[in-house]
Amino acid sequence: MRNRFALWLVMGAVFSLSSSAMMPVPQARRLIVVVCDGLTFPMLERMGEPMPTLLRHCAIGLLSGTSASLQGRQGVYVTLGSGKRQSASERASLATWLHRHRKTVQTLGDGLLFAILGTMAKEPVQRWGRNADVLFVAASPGNLRQTLRRLTATMPADACLWLLVPNSPQTGWSTRRLTPIVLFGKSVPKGLLVSSTTRRVGLVSSVDFAPTLFTQLGIPIPPEVTGAPMHLMPTDSERALAMLRWLDERSLRPLRNLSAYVVVIVAVIALALVTTLLTVLHPTLFFRSVQSGIVVGGMSIPLALFLVAQLPFTGVSAAVALSAFILLIAAVAFFRILHNPMLAWQLAGWLCSASALMALLGLPLYWATPLGHYPTTGWRYFGITNSGIGIVLAGTIFAWRLLPLPRKLVAVWCLAAPLLMGSSLWGANFGGALTLAMGLAAAWEWLATDQPSWRRGLGRMALAFLAVVFVLSLSENWLPVDQRAHYGQLLWRMQAVGVEALTEMVGRKVRLLWTFTTAMPLNFVLLTAFAAFTVGVPLLARRFAVFKELLPAFLATFIGAWAGFCLNDSGIEVIGMALVYVGGVFLLALPQCYPFGDG
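So this is what it looks like as structure tokens:
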């Protein structure tokens with residue numbers, strides 16, 4: 001275990017290398033693209049010759065293309081040939097672009113190749129004519145070795161061979177898997193593939209394949225393409241393979257740990273509800289201390305998941321580590337609250353502030369969580385996901401309300417957080433920037449003014465929204481195109497193709513919002529619970545002083561979270577993370593309501 005942990009630290013350091021070591025993918029007069037579905041990286045390593053030789057003398061990476069917008073096998077193929085995320089009902093343009101620049105294309109294999117090319121099936125060729133510029137070959141895992149042996153034996157010196165394994169059978173969140181992509185040729189150095197789309201050495205996206213082919217053939221990249229040409233990081237073959245094994249293992253950890261984490265989280269929620277009921281029925285200091293300790297421990301779950309994710313644990317051992325962290329927080333809270341019941345609010349506030357800091361400023365540790373699709377932490381290829389938005393939003397607002405934070409510090413944080421969240425060099429989440437801008441503007445109105453009003457609050461939110469759009473538009477235009485993330489790339493495409501890029505993006509985001517929201521019945525449970533809190537807390541504030549005192553923080557969180565639900569394609573994650581802190585503070589306040597409290 002110690003050796004594995006050391007290896008992960010080394011791999012993380014390598015992943016954080018600067019782009020100065022990168023070199024462009026070499027150009028080629030001819031390209032062979034072998035497409036073989038149904039393989040994983042470990043399966044590729046176990047194959048016989050010529051695969052071991054290819055892996056020792058090639059540039060290799062792992063291909064990521066799983067997305068809710070890629071439903072079904074054909075959607076991944078269409079995306080590979082489009083250079084942007086496309087569904088199975090849409091059509092790729094790869095063949096059109098190649099023919100437009102007088103490049104001849106031949107195919108050998110099944111009809112899914114034509115999903116990549118975006119053309120109708122023609123008479124299949126039986127062998128590669130040397131005058132063809134690009135040859136697409138479909139192979140099965142059973143005949144892949146024979147196909148590669150034949151093609152490499154007759155491949156001209158000025159040609160390059162791609163082995164492409166689409167992750168088309170694994171497009172769902174629970175079944176996703178990275179798949180290998182290999183580039184071989186006499187002019188190709190040994191090393192790892194990398195792209196500015198993912199910003200991870202060894203990991204490239206399915207949208208990067210088409211622009212890389214154009215670059216190799218010397219063809220201009222069409223403006224509607226959202227991917228970026230791949231680059232190479234030369235390195236020893238054994239080191240490259242070790243990195244990919246590490247990355248492949250890390251990509252599977254969330255799925256291996258998820259069921260164990262769910263058991264722990266459900267148990268903590270059940271304990272919090274049971275102890276809250278006991279505290280209401282038996283309003284003594286002991287029961288209140290137990291209940292507050294468990295609730296505070298439950299509020300630490302997002303922070304605990306992030307910290308446990310850095311440890312080399314999987315399965316049951318990861319669940320044990322998560323439980324130990326939560327129990328430690330709960331025990332400390334219990335003994336502190338037993339001596340001073342009012343410390344429950346301060347402890348909850350400190351946890352909220354630590355979680356907000358972790359979600360926004362923990363980004364330098366993102367190398368430790370490749371594909372960080374953990375249920376409650378927010379790191380993906382780079383930047384911060386929608387889960388992180390909810391943590392920053394609710395954590396900031398409740399920490400602001402529960403702790404005596406300096407007004408100037410809060411002002412600086414409220415100004416910096418949306419800009420960091422939206423910057424391509426940091427959070428790379430434009431929807432998150434707008435969410436934080438609106439939520440924190442609402443919080444400023446309700447928490448920092450003596451006589452808050454809805455009219456002035458809406459004005460602050462609109463002004464914050466426009467200010468963030470203006471500042472990010474200005475800053476993104478200063479960045480080189482290859483360093484821009486989603487919003488920066490959108491601005492660049494709008495300059496090239498006009499408003500069509502914006503309407504396409506909005507339509508895709510709306511479809512994704514619907515897809516993510518309807519993906520699981522649990523999402524409707526979360527939405528119903530959050531809606532109940534949104535309606536119920538203001539009603540309770542009319543009757544109970546404790547909720548009246550906390551109402552400004554609740555209102556700001558509700559406003560920001562619902563805005564985040566609408567502004568982000570997976571807005572249900574914003575709601576889910578906000579629910580952690582809303583529910584925690586609600587349970588802490590409930591026993592203090594008359595006539596349930598103990599005084």
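Residue numbers for the sequence shown follow our numbering, beginning at 1 and rising by one. By construction, the Cβ of each residue, glycine as well, lies at the ideal position given by its N, Cα and C atoms. Just so we're clear, the structure is a prediction, and the values are computed from it rather than from any experiment.
Is the beta carbon of Gly390 sitting closer than 8 Å to the one on Gly564?
Counting from 1 along the sequence shown, the entry for residue 390 is found at position 390. Counting from 1 along the sequence shown, the entry for residue 564 is found at position 564. In contact: Gly390 and Gly564 (Cβ atoms closer than 8 Å).
Of all the options Leu277, Leu213, Ser237 and Val308, which has the alpha carbon lying nearest to the alpha carbon of Leu258?
As a first step, residue 258 must be located in the sequence shown, where it is residue number 258. When each option's Cα is compared against that of Leu258, the closest is Val308.
Count the other CB atoms, across all protein chains shown, that sit within 10 Å of the CB of Thr104; report buried if there are 16 or more and exposed otherwise.
Taking the sequence shown and counting its residues from 1, the one referred to as residue 104 is at position 104. Thr104 comes out exposed.
8 Å Cβ cutoff met for Gly383 and Gly202
As a position in the sequence shown, residue 383 is number 383, starting the count at 1. As a position in the sequence shown, residue 202 is number 202, starting the count at 1. Not closer than 8 Å, so no.
Report the three-state DSSP secondary structure of Phe544 (helix, strand or coil).
What you label residue 544 is simply residue 544 of the sequence shown in a count that begins at 1. Here Phe544 sits in coil by DSSP.
If you draw a straight line from the alpha carbon of Thr503 to that of Gly431, how long is it in whole angstroms?
Numbered from 1 along the sequence shown, position 503 holds the residue referred to as residue 503. Numbered from 1 along the sequence shown, position 431 holds the residue referred to as residue 431. Distance between the alpha carbons of Thr503 and Gly431 is about 16 Å.
Taking the alpha-carbon of Ile326 as reference, which of Met358, Tyr261 and Pro312 has the nearest alpha-carbon?
Counting from 1 along the sequence shown, the entry for residue 326 is found at position 326. It is Tyr261 whose Cα lies nearest to the Cα of Ile326.
With Phe197 and Val182 assumed to form a contact (beta carbons below 8 Å), what rounded beta-carbon distance in angstroms separates them?
Within the sequence shown, the letter at position 197 stands for residue 197. Within the sequence shown, the letter at position 182 stands for residue 182. In the sequence as displayed, the identity of residue 197 is Thr instead of Phe. Between Val182 and Thr197 the Cβ distance is about 18 Å, and since that is not below 8 Å, they are no contact.
Using DSSP's beta-bridge definition, name the partner residues of Arg484.
Translated into positions along the sequence shown, residue 484 becomes position 484. Bridge partners of Arg484: none, in fact.
Rounded to whole angstroms, how far is the Cβ of Met438 from the Cβ of Asn429, which I believe are closer than 8 Å?
Reading the sequence shown from its first residue, position 438 is the one you call residue 438. Reading the sequence shown from its first residue, position 429 is the one you call residue 429. Going by Cβ atoms, the distance from Met438 to Asn429 rounds to 14 Å, so no, they are not a contact pair.
Coarse secondary structure for Gly584, derived from DSSP in three states:
On the sequence shown, position 584 is the one that residue 584 refers to. Three-state DSSP puts Gly584 in a helix.
Can you tell me whether Lys84 is buried or exposed, with buried defined as 16 or more other CB within 10 angstroms of its CB?
Taking the first residue of the sequence shown as 1, we reach residue 84 at position 84. It is buried - the Cβ of Lys84 has at least 16 other Cβ atoms within 10 Å.
Cβ distance (whole Å) where Ala448 is taken to contact Arg493 below 8 Å
The residue labelled residue 448 in the question sits at position 448 within the sequence shown. The residue labelled residue 493 in the question sits at position 493 within the sequence shown. At roughly 39 Å, the Cβ-Cβ gap does not stay under 8 Å, so Ala448 and Arg493 are not in contact.
Checking the sheet assignment: what are the DSSP bridge partners for Val134?
To locate residue 134, count along the sequence shown from 1; it is residue 134. Leu31 and Val105.
Under the three-state DSSP convention, the category Ala399 falls into:
One-based indexing of the sequence shown puts residue 399 at position 399. The answer is helix: DSSP assigns Ala399 an H, G or I state.
Between His57, Lys509 and Ala321, which lies nearest to Ser237 when the distance is taken from Cα to Cα?
Reading the sequence shown from its first residue, position 237 is the one you call residue 237. Closest by alpha carbon: His57.
For the beta strand (DSSP E) that contains Ala467, what are its first and last residues?
Translated into the one-based positions of the sequence shown, residue 467 becomes position 467. Counting along the chain, Ala467 falls outside any beta strand (DSSP E), though it belongs to the alpha helix (DSSP H) covering Trp454 to Trp478.
Does the distance from the CB of Val497 to the CB of Pro223 come in under 8 Å?
What you label residue 497 is simply residue 497 of the sequence shown in a count that begins at 1. What you label residue 223 is simply residue 223 of the sequence shown in a count that begins at 1. Going by C-beta atoms, Val497 is nearer than 8 Å to Pro223.
Cα-Cα separation between Leu192 and Val468, rounded to whole angstroms
As a position in the sequence shown, residue 192 is number 192, starting the count at 1. As a position in the sequence shown, residue 468 is number 468, starting the count at 1. So the alpha carbons of these two residues sit roughly 37 Å apart.
What's the C-alpha gap between Gly362 and Met342?
Position 362 of the sequence shown, counted from the start, is the residue given in the question as residue 362. Position 342 of the sequence shown, counted from the start, is the residue given in the question as residue 342. Near 30 Å, if we compare the C-alpha coordinates of Met342 and Gly362.
By DSSP, does Ile265 sit in helix, in strand, or in coil?
The residue you call residue 265 lines up with position 265 of the sequence shown. Helix, per DSSP.
With DSSP run on the structure shown, which of helix, strand or coil describes Val125?
If you number the sequence shown from 1, residue 125 lands on position 125. For Val125, the predicted model reports a pLDDT of 41, less than 50, meaning its position is unreliable; a value from the coordinates is still stated below. Coil.
Measure the Cβ-Cβ separation of Ala578 and Val546 and say whether it is below 8 Å.
Position 578 of the sequence shown holds residue 578. Position 546 of the sequence shown holds residue 546. No, the Cβ-Cβ distance between Ala578 and Val546 is not below 8 Å.
From Arg508, Thr557, Ala324 and Ala561, pick the residue whose C-alpha is nearest to that of Leu305; which is it?
Counting from 1 along the sequence shown, the entry for residue 305 is found at position 305. For Leu305, the nearest C-alpha among the options comes from Ala324.
Thinking Ile167 and Leu63 are a contact (beta carbons under 8 Å), I'd like their distance in whole angstroms, please.
On the sequence shown, position 167 is the one that residue 167 refers to. On the sequence shown, position 63 is the one that residue 63 refers to. One point to set straight first is that residue 167 is Asn, not Ile, in the sequence displayed. So it is a contact: roughly 6 Å between Cβ atoms.
Classification of Thr119 by the beta-carbon crowding that lies within 10 angstroms, buried from 16 upward
Here residue 119 refers to the residue found at position 119 of the sequence shown. So Thr119 counts as buried.
Taking the alpha carbon of Met299 as the reference point, which residue from Ala399, Asn477 and Gly459 has its own alpha carbon closest?
In the sequence shown, the residue the question calls residue 299 occupies position 299. Met299 has its Cα closest to that of Ala399, out of Ala399, Asn477 and Gly459.
Between the C-alpha atoms of Leu550 and Gly293, what's the straight-line distance to the nearest angstrom?
As a working note, residue 550 is residue 550 in the sequence shown. As a working note, residue 293 is residue 293 in the sequence shown. Roughly 20 Å between the two C-alpha positions.
What's the call for Met627, buried or exposed, on a 16-neighbour Cβ count within 10 Å?
This structure leaves residue 627 out entirely; the chain is present only between 1 and 599.
Are the segment 244-256 and the segment 267-285 in contact at 8 Å, needing three or more beta carbon pairs?
no
Taking C-beta to C-beta, are Pro52 and Arg149 nearer than 8 Å?
For the purposes of this step, residue 52 is taken as residue 52 along the sequence shown, with counting starting at 1. For the purposes of this step, residue 149 is taken as residue 149 along the sequence shown, with counting starting at 1. Their beta carbons are not under 8 Å apart, which means Pro52 does not touch Arg149 by this criterion.
Take Asp248 as the anchor and find which of Arg177, Thr284, Phe335 and Gln346 has the nearest alpha-carbon.
Position 248 of the sequence shown, counting from 1, holds the residue named residue 248. Selected option, being the one with the closest Cα: Arg177.
Cα separation between Thr79 and Arg256?
The count along the sequence shown starts at 1 and reaches residue 79 at position 79. The count along the sequence shown starts at 1 and reaches residue 256 at position 256. Straight-line Cα distance between these residues: approximately 28 Å.
What are the residues that DSSP puts in a beta bridge with Cys160?
For the purposes of this step, residue 160 is taken as the residue at position 160 of the sequence shown. DSSP, once it has assigned bridges, lists Leu31 as partnering Cys160.
From the DSSP output, in three-state form, read off Gly597 for me.
Looking up residue 597 in the sequence shown gives position 597. Residue placement at Gly597 is flagged as unreliable, the pLDDT there being 45, under the threshold of 50; a coordinate-derived value is accordingly withheld.
Could you tell me the boundaries of the beta strand (DSSP E) in which Thr198 lies?
Numbered from its first residue, the sequence shown carries residue 198 at position 198. Counting along the chain, Thr198 falls outside any beta strand (DSSP E), and DSSP gives it neither H nor E.
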